[in-house]
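Asker:
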Amino acid sequence: MTNSAASALDHVDLADPQLFADPDHHRLFRHLRDHDPLHWNPEGVEPGFWSVTRYDDCVAVQKDSVTFSSAGTNVLGQQRWTGDEGSGRMLTHTDGKRHTELRQIVNQSFTPRAVASLEPYLRSVISQSLDQALQEGEVDFVDTVALLPVASIAALLGVPREDWSLLLGLTSTAFGSADQEFQMTPSARVSAAAAHTQLLLYCQDLMDRRRASPRDDIVTRLVDAQRTGSLSEEDAMLFFDLLLLGGNETTRHGAVGALLAFIEFPEQWQRLRADRGLLTSAVNEVLRYVSPSKHVLRRAERDVELHGRRIEAGQEVAVWHFSANRDERAFPDPDTFDITRKPNAHLALGSGPHYCLGASLAAMELRLFLDELCNRVASAAMIAPPDLLATTVISGFKHLRVRMRPV
Ligand code: HEM
Numbered sequence: 025m026t027n028s029a030a031s032a033l034d035h036v037d038l039a040d041p042q043l044f045a046d047p048d049h050h051r052l053f054r055h056l057r058d059h060d061p062l063h064w065n066p067e068g069v070e071p072g073f074w075s076v077t078r079y080d081d082c083v084a085v086q087k088d089s090v091t092f093s094s095a096g097t098n099v100l101g102q103q104r105w106t107g108d109e110g111s112g113r114m115l116t117h118t119d120g121k122r123h124t125e126l127r128q129i130v131n132q133s134f135t136p137r138a139v140a141s142l143e144p145y146l147r148s149v150i151s152q153s154l155d156q157a158l159q160e161g162e163v164d165f166v167d168t169v170a171l172l173p174v175a176s177i178a179a180l181l182g183v184p185r186e187d188w189s190l191l192l193g194l195t196s197t198a199f200g201s202a203d204q205e206f207q208m209t210p211s212a213r214v215s216a217a218a219a220h221t222q223l224l225l226y227c228q229d230l231m232d233r234r235r236a237s238p239r240d241d242i243v244t245r246l247v248d249a250q251r252t253g254s255l256s257e258e259d260a261m262l263f264f265d266l267l268l269l270g271g272n273e274t275t276r277h278g279a280v281g282a283l284l285a286f287i288e289f290p291e292q293w294q295r296l297r298a299d300r301g302l303l304t305s306a307v308n309e310v311l312r313y314v315s316p317s318k319h320v321l322r323r324a325e326r327d328v329e330l331h332g333r334r335i336e337a338g339q340e341v342a343v344w345h346f347s348a349n350r351d352e353r354a355f356p357d358p359d360t361f362d363i364t365r366k367p368n369a370h371l372a373l374g375s376g377p378h379y380c381l382g383a384s385l386a387a388m389e390l391r392l393f394l395d396e397l398c399n400r401v402a403s404a405a406m407i408a409p410p411d412l413l414a415t416t417v418i419s420g421f422k423h424l425r426v427r428m429r430p431v
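Residue 25 is where the sequence shown starts when you use the numbering used here, and the numbers rise one by one after that.
1. Quick one: residues in its chain with C-beta nearer than 7 Å to the C-beta of Glu352, no 5 flanking neighbours on either side, listed in chain order?
2. Determine the burial state of Tyr145: buried for a count of at least 16 other Cβ atoms within 10 Å of its Cβ, exposed for fewer.
3. Measuring CA to CA, which of Thr364, Leu192, Leu390, His319 is closest to Gly301?
4. What whole-angstrom Cβ distance do Val163 and Val426 have, given they're in contact under 8 Å?
5. Can you tell me whether Met114 is helix, strand or coil according to DSSP?
6. Could you tell me which uninterrupted alpha helix (DSSP H) segments, each at least 4 residues in length, are contained entirely in the segment 206-265, listed from first to last along the chain?
7. Quick check on DSSP: helix, strand or coil for Pro66?
8. Among the candidates Gln42, Leu255, Arg54, whose CA atom is the shortest distance from the CA of Trp344?
9. Taking Met406 as the reference, give the member of Leu424, His117, Thr416, Arg350 with the closest Cα.
10. To the nearest angstrom, report how far apart Asp411 and Ser237 are at their CA atoms.
11. What is the DSSP secondary structure of Lys366, counted as helix, strand or coil?
12. Please classify Met25: is it buried, with 16 or more other beta-carbons within 10 angstroms of its beta-carbon, or exposed?
13. Is the closest heavy atom of ligand 3 to the C-beta of Pro210 under 6 Å?
14. Buried or exposed: Trp64, going by 16 or more other Cβ atoms within 10 Å of its Cβ?
15. For Leu43, collect the residues of the same chain with a Cβ closer than 6 Å to its Cβ; drop the 5 residues on either side in sequence, then sort them by chain order.
16. How far does the alpha helix (DSSP H) with His35 in it extend, from its first residue to its last?
17. Between the alpha carbons of Pro290 and Leu284, how many angstroms are there, rounded?
18. Alpha carbon to alpha carbon, how far is Val174 from Ser28? Give it in angstroms, no decimals.
19. Determine whether the beta carbon atoms of Ala39 and Leu126 lie at a separation below 7 Å.
20. Which value, in whole angstroms, describes the spacing of the CA atoms of Ser256 and Ser189?
21. Between the segment 296-316 and the segment 104-115, can you find at least three pairs of beta-carbon atoms closer than 8 Å?
22. Can you determine whether any heavy atom of ligand 1 sits closer than 6 Å to the C-beta of Cys227, and answer yes or no?
23. Hey, Asn308 and His370 are a contact pair by Cβ (cut 8 Å); roughly how many whole angstroms apart?
24. Is the distance from the Cβ of Pro61 to the Cβ of Ala414 below 7 Å?
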């Protein structure tokens, strides 16, 4: 990179969602890792904040939750100045003892054993979606995989099957795509707010049903936690909301990104098809390479010196996972997608106390997805270049139009 390009980068606003619609943002973050590993982003689209972009720094910040708190908000965005209703209340927005208490309420629903019981059902969801896509010939793969994450979480929450399509509709409208383009019109905002309210009311109604007739599901656990005083009803509803949101866009774009990675590296596709023993390692590499969650945000609780600069107490620090996952210091040849990569201690699912609660579920969903894709698809090609989401939060796609050749 030339000096003039480097100085031009000093004026880039990392909070600007449009930056991430351009694939070149990877080059910008490489520059930051090499030349400005603790970067101050002055006030622009948002109030100023620090950024860490190297692997070791991202791990250190996330692991030290005493110094770097999650209790304010945990991603960049408007809630930084309008206030975040989850602050100090939601799992993602608490530290220490309260965070542990909240996590314990739902932990046992997310163990590898608990999520394994969903496998046959999730396989059938994936098979149906892929069969339909193959029948259609040319598809937008973002739509093809839409059902998988919602169906997985709905099953764990305990949402009855007859309500899944209702939930899918409400979830898509409420959380929509992370891209601002989909959120800017007043009508889109009104429909999102209305869908959100309906989701919360749906949760309230389901909790009433579980009070009357408990089951082995997450909603019943949320009801039990209200009985023991660990959660208020409103906190339980926020929890329901968080679980729907947490694993939705991340997993969906993880699957879309996986297909794109295999299109870009077709020899890796042939390798996986020839040896399904590589599925687990392939899922890890998909997570590293795609990094569906771009960053998390923390607030410094005291002054901290790093790379010769001072983060002051009260200032926020963005931890850019996707950059850590392409850090040459941690991963040789990081821009190469290699399903046999070892070791592969990627940060796609975070690190430290807030490590992804749905990690086993996400890994299983992606493993089943790749396995069923191998069963059906000999090769895939893009019909148009990928259209990236303009957001700081998710590495995702507005559209990925593809044609798939069946086996
Ligand atoms: C490929 C898919 C996924 C990715 C990349 C991903 C990524 C992450 C990351 C980076 C964090 C850390 C957040 C932080 O430190 O503030 C996180 C936390 C979390 N994830 Fe995931 N996630 C995925 C799937 C899921 C699924 C399927 C669920 C299921 C509901 C889920 C639920 C959660 C929850 C509840 C937390 C908060 C944990 C805590 O604060 O203790 N995630 N995830």
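For each residue, glycine too, the CB sits at the ideal point set by N, CA and C.
Since the structure is predicted, the reported quantities are computational estimates derived from the model, not experimental observations.
Answerer: Judging by the given coordinates:
1. Pro358
2. Here Tyr145 is exposed: its Cβ has fewer than 16 other Cβ atoms, across all protein chains shown, within 10 Å.
3. Of the candidates Thr364, Leu192, Leu390, His319, the one whose C-alpha sits nearest the C-alpha of Gly301 is Thr364.
4. 6 Å
5. coil
6. 210-236, 242-251
7. Reduced to three states, the DSSP call for Pro66 is coil.
8. With distances taken between Cα atoms, Trp344 lies closest to Arg54.
9. Taking only the C-alpha atoms, the option nearest Met406 is Leu424.
10. Spanning the two alpha carbons is a distance of roughly 46 Å.
11. coil
12. Residue placement at Met25 is poorly supported in this model, since its pLDDT is 41, which falls under 50; the coordinates still yield a value, given next. Per the 10 Å Cβ criterion, exposed.
13. Although ligand 3 was asked about, the structure shown includes only ligand 1 as ligands.
14. exposed
15. Only His49 meet the Cβ criterion.
16. Looking at the DSSP string, His35 is not in any alpha helix (DSSP H), and its letter there is neither H nor E.
17. 10 Å
18. Low local confidence applies: a pLDDT of 42 at Ser28 is under 50, so the model's placement there is unreliable, and no value is given.
19. no
20. 28 Å
21. no
22. Not under cutoff, so the answer is no.
23. 6 Å
24. Between Pro61 and Ala414, the gap from beta carbon to beta carbon reaches 7 Å or more.
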